[in-house]
Each structure stands twice: as structure tokens, then as C-alpha cells.
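In the UniProt record's numbering, the protein residues as written are 1 to 178. We put the CB at the ideal spot given by N, CA and C, even for glycine. As C-alpha cells, the structure follows; a few thoughts come after it.
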Amino acid sequence: MSWKPWTLAAARLKMVKSKDFKFPEPISRWNIVKGDLVQVLCGKDKGRNGKVVAVARRTNRVFVGGLNTHIRVMVGETARTRIASEAPLHVSNVALVDPEDGKPCRIRYQYTEDGEKVRVSKRSGRIIPKPVEVLERRDFKSRGGYVEGSKDTTSENVTAQTYIPSLKTFEEEINSKS
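Structure follows, in C-alpha cells:
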């Protein structure tokens, strides 16, 4: 495909290469993670619920599956194809859904009796569990399903205690060994 500076792809490339773009100040503590059920608070999909597909922490935005979609035209060699894709929403424009009544809610963090940090709805007081997708990684879905390879360090070697701390100073420890 030849380079055509008047096409939309070229305009997008210029926008990406622009040195004037500065990333916004990132949010220090995120309440919304991948897999959460959220409600859109503004825009054309206001009031609709959806699942968070991806989180862009660098730009403070989230992608909600099936909501805030727009049509992209992909230009090929011979034909154009239209693809519907989700546009990002700012994290302040979505809210977690309360599991008790299905309405958007604000949350706070609390510790359970076991010492686990959980999200709690401010309105109803119900715990909002973190989804399973948070624990998924690129290389494996869950820790239990991971198969150790020949070049992996075994779990016994990883968990073995190799350092025994003492309350002696460095000089005292050296003198006691000799």
C-alpha cells in the first residue's frame, strides 16, 4: 500500500506523532478494574450497563464492551470495510453498579475480619467483589493452570528459606563464625 498523505490514516499518524500531546495526571487509586460491571453516566449510552473490557491507566480511560461504539473504516487494497469498535470513556464518566439494586454507586475500601481489603458500596454496604479477569495475565490465565517448564525454577526452590536473619551487627556475626 502506498503512502497517501491526504488519507485518514495519515491524519491519525500525524496526531499520534504530535509532540504537543501531554498525558494527563494519572489517577493514584483506581476503583474500576477489568471485568467490572459499570454504568455509563453521560454520553449517548447514558444509563446503560456494560462490562469493562480494558483499562488505559495512562490516559485515565476505560473501554466498556458494546457501549460508546463508533464505526471505523478500514481501507484495504481494493475495498473498505466498516468495523464497530468501542471508544474510550473517561473513568469519571462511569460508575460501579451496586449488586443489591443495580444502580450506580460510590465505593469505599474496608478490611474484612480475615484482613482482606474489599470494595464496599457506600449506599447499601454490600461488598463488590473484584472480578476473576483481574488475576489473568498475558502468559497464563490462572496460577493453578500453569505448567512448569524445564527451565522454570521449581516452587519448592522458590519457597525454601535461604536466609536466616539475626539481631547481631555485621562485626559480631563475622566474629562468631570464625
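Option in the options with minimal Cα separation from residue i
| i | options | result |
| --- | --- | --- |
| residue 80 | 64, 166, 9 | 9 |
| residue 46 | 89, 59, 61, 58 | 89 |
| residue 102 | 126, 85, 116 | 126 |
| residue 56 | 99, 162, 142, 34 | 34 |
| residue 116 | 66, 130, 52 | 130 |
Where residue i falls: helix, strand or coil (DSSP)
| i | result |
| --- | --- |
| residue 148 | coil |
| residue 85 | strand |
| residue 22 | coil |
| residue 112 | coil |
| residue 27 | coil |
| residue 67 | coil |
| residue 95 | strand |
| residue 158 | helix |
| residue 37 | strand |
| residue 174 | helix |
Terminal residues of the beta strand (DSSP E) in which residue i lies
| i | result |
| --- | --- |
| residue 55 | 49-56 |
| residue 117 | 117-121 |
Nearest-angstrom beta carbon gap, residue j and residue i [assumed within contact, 8 Å]
| i | j | result |
| --- | --- | --- |
| residue 128 | residue 107 | 6 Å |
| residue 119 | residue 109 | 6 Å |
| residue 91 | residue 60 | 5 Å |
Range of the contiguous alpha helix (DSSP H) that encloses residue i
| i | result |
| --- | --- |
| residue 100 | Premise fails: residue 100 is in no alpha helix (DSSP H) and is neither H nor E. |
Cβ pair count under 8 Å reaching 3, the segment 67-83 against the segment 23-30: No, they do not touch.
Touch test, the segment 92-100 against the segment 30-44, Cβ-Cβ under 8 Å, three pairs minimum: yes
Cβ contact check for the segment 152-162 and the segment 130-137: 3 or more pairs under 8 Å: The segment 152-162, when compared against the segment 130-137, does not touch it at the 8 Å Cβ threshold.
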